[in-house]
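Asker:
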Amino acid sequence: MEPGLLIVAASAIALSWLMAVAGGAKLRHRRDHARALDAYALLPEGAGRWLAPVLGVAECAAALAIWPMGTRAAAALLILALLVLYSAAIAINLLRGRRDIACGCGGAATHVPLSGWLLARNAALMAVALALHEAPQALALAGASWPAALAALAVATLLVLLYNGANFLLSRDTLLQDD
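Written as structure tokens, this is what we have:
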């Protein structure tokens, strides 16, 4: 497996994990996520109650659809669309000066306030989704040698740890939060 495809494969594994965890959190903690969605004040009051499970199912479906070759490109586009939607909601509220609300992306236990850093993080995730759409064969680890597959899993693990670390810093460190 060539290095570029290895990076895309590792990123796809990490993106699948991220969507599964985020979608699962939305489904497990529907009320909390509904409140987070309603706090954005972009939809009629109470719309988060029905939107939270829809987004959770969409994220879980995308996480699973990344794996089969036949649905990989569609899954990448779904993830890209979700990230564009989330980023637009964040940007609108940042422009309104509403930085004190939780993004709703860290689950019930995490309060990650809105910031430009979230938009940067989402842009990186959108780039991964776009790369996966353009190179869907990258996740074909079944035909890869075991060292290549192991390397992809190791890089994916590092990406997940990096993502979790960034979320932790965004929720705890005022140095990373916009003024």
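Numbering-wise, my numbering puts 56 at position 56 of the sequence shown, and it's gapless, one number per residue. The C-beta atom is built at its ideal place from N, Cα and C for all residues, glycine as well.
Taking a contact to mean a Cβ-Cβ separation below 8 Å, would you say L94 touches G70 in this structure?
Answerer: Translated into the one-based positions of the sequence shown, residue 94 becomes position 94. Translated into the one-based positions of the sequence shown, residue 70 becomes position 70. Not in contact: L94 and G70 (Cβ atoms no closer than 8 Å).
Asker: Beta-carbon within less than 6 Å of V128's beta-carbon, same chain only, minus the 5 sequence neighbours each way: which residues are those?
Answerer: Counting from 1 along the sequence shown, the entry for residue 128 is found at position 128. For V128, where only same-chain residues beyond five positions count, the Cβ hits under 6 Å are S11 and L15.
Asker: Excluding sequence positions up to five away, which residues of its chain have a Cβ less than 8 Å from the Cβ of M126?
Answerer: For this step, residue 126 is matched to residue 126 along the sequence shown. So the qualifying residues of the chain are L80, L83, V84 and S87.
Asker: Would V155 pass as a contact of I7 if the rule is Cβ separation under 8 Å?
Answerer: As a first step, residue 155 must be located in the sequence shown, where it is residue number 155. As a first step, residue 7 must be located in the sequence shown, where it is residue number 7. Their beta carbons are under 8 Å apart, which means V155 touches I7 by this criterion.
Asker: Measure the alpha-carbon distance for A47 versus L158 and round it to whole angstroms.
Answerer: Residue numbering aside, residue 47 sits at position 47 when the sequence shown is read from its first letter. Residue numbering aside, residue 158 sits at position 158 when the sequence shown is read from its first letter. Between A47 and L158, the C-alpha separation is close to 36 Å.
Asker: Can the beta-carbon of A62 be found closer than 8 Å to that of A75?
Answerer: Within the sequence shown, numbered from 1, the residue matching residue 62 stands at position 62. Within the sequence shown, numbered from 1, the residue matching residue 75 stands at position 75. Contact: yes.
Asker: Secondary structure at P68, three-state DSSP: helix, strand or coil?
Answerer: Start at 1 with the first residue of the sequence shown, and residue 68 comes out as number 68. In this structure, P68 counts as coil in the three-state DSSP scheme.
Asker: So L125 is in the alpha helix (DSSP H); what residue range does that whole segment cover?
Answerer: If you number the sequence shown from 1, residue 125 lands on position 125. Looking at the DSSP string, the run of the alpha helix (DSSP H) that includes L125 is G116 to E134.
Asker: Tell me the DSSP secondary structure of W17 in three-state form.
Answerer: Position 17 of the sequence shown, counting from 1, holds the residue named residue 17. Note: W17 maps to helix in three-state DSSP.
Asker: What residue range does the alpha helix (DSSP H) around H33 cover?
Answerer: Here residue 33 corresponds to residue number 33 of the sequence shown, with the count starting at 1. Looking at the DSSP string, the run of the alpha helix (DSSP H) that includes H33 is R30 to A39.
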